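Take a look at the structure set out below.
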Amino acid sequence: MTTAQLAKRLGVSQPRAVMIEKAEATGSITLESLERAAQALDCRLVYAFVPRKPLDTLVKERARLLAQKRLESASHTMALEAQGVETSDENEQLKRLVQQFIAKSSSKLWEDTD
């Protein structure tokens with residue numbers, strides 16, 4: 001489709017259609033302009049975030065990070081009190097804590113941990 005044809009469908013001048021195409025190419029177009037263009041082309045605008053990894057993987061990774069931080073803190077305190085935990089026990093605790101975080105599906109999973 002030429003820019004003249006696009007302009008006619010959009011109800012704008014041909015130079016304006018060129019500007020719209022340039023704005024889209026540079027990433028500076030507004031959602032409103034995209035929606036108007038979609039309607040003019042008898043299309044539906046779809047605006048979405050697409051995770052780079054499967055969502056369940058992201059949740060598991062985040063739960064593991066939080067569980068590790070929590071256990072590191074507890075392990076440090078216990079070591080200071082000469083109450084160290086065996087590595088195999090630590091691994092089991094980590095697995096259980098990860099599962100607990102996942103089971104709760106809480107928004108707290110996404111809070112900053114710093």
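Quick note on numbering: UniProt numbering labels position 111 of the sequence shown as 111, and the sequence is numbered without any gaps. Note that the Cβ used here is the ideal one computed from N, Cα and C, for glycine as well. For clarity, every value in this text was computed on a predicted model and none was experimentally measured.
Residue environment, L6, which counts as buried when at least 16 other CB atoms sit within 10 Å: Along the sequence shown, read from residue 1 onward, the residue named residue 6 stands at position 6. Buried: at least 16 other Cβ atoms inside 10 Å.
Test item: CB-CB of C62 and L97 under 7 Å: Start at 1 with the first residue of the sequence shown, and residue 62 comes out as number 62. Start at 1 with the first residue of the sequence shown, and residue 97 comes out as number 97. For the record, residue 62 in the displayed sequence is Arg; it is not Cys. Cβ distance not < 7 Å, so R62 and L97 don't count as in contact.
V12 versus A48 - alpha carbon distance: The residue labelled residue 12 in the question sits at position 12 within the sequence shown. The residue labelled residue 48 in the question sits at position 48 within the sequence shown. Approximately 27 Å, taken between the alpha carbons.
Cβ pair Q38, L10 closer than 7 Å: Position 38 of the sequence shown holds residue 38. Position 10 of the sequence shown holds residue 10. Looking at the sequence itself, residue 38 is Ala, so the reference to Gln does not match. Result no, Cβ atoms of A38 and L10 do not sit closer than 7 Å.
Whole-Å CB distance - L58 paired with P51, under 8 Å assumed: Start at 1 with the first residue of the sequence shown, and residue 58 comes out as number 58. Start at 1 with the first residue of the sequence shown, and residue 51 comes out as number 51. L58 to P51, Cβ: 6 Å. Contact.
Nearest-angstrom Cβ-Cβ length linking T3 and A23, presumed shorter than 8 Å: Walking along the sequence shown from the start, residue 3 turns up at place 3. Walking along the sequence shown from the start, residue 23 turns up at place 23. Actually they do not touch by this definition, with Cβ atoms about 13 Å apart.
Separation of K60 from I102, as counted between CA atoms: For the purposes of this step, residue 102 is identified with residue 102 of the sequence shown, where counting begins at 1. For the purposes of this step, residue 60 is identified with residue 60 of the sequence shown, where counting begins at 1. Roughly 7 Å between the two C-alpha positions.
Residue closest to K95, alpha-carbon to alpha-carbon, out of S107, Q68, D112, E111: Mapped onto the sequence shown, residue 95 falls at position 95. Closest by alpha carbon: Q68.
Nearest-angstrom beta carbon gap, I20 and S33 [assumed within contact, 8 Å]: By one-based count along the sequence shown, residue 33 stands at place 33. By one-based count along the sequence shown, residue 20 stands at place 20. Taking C-beta atoms under 8 Å as the contact rule, S33 and I20 qualify, at a distance of about 6 Å.
Beta-carbon proximity of Q100 to L71, cut-off 7 Å: Here residue 100 corresponds to residue number 100 of the sequence shown, with the count starting at 1. Here residue 71 corresponds to residue number 71 of the sequence shown, with the count starting at 1. Going by C-beta atoms, Q100 is not nearer than 7 Å to L71.
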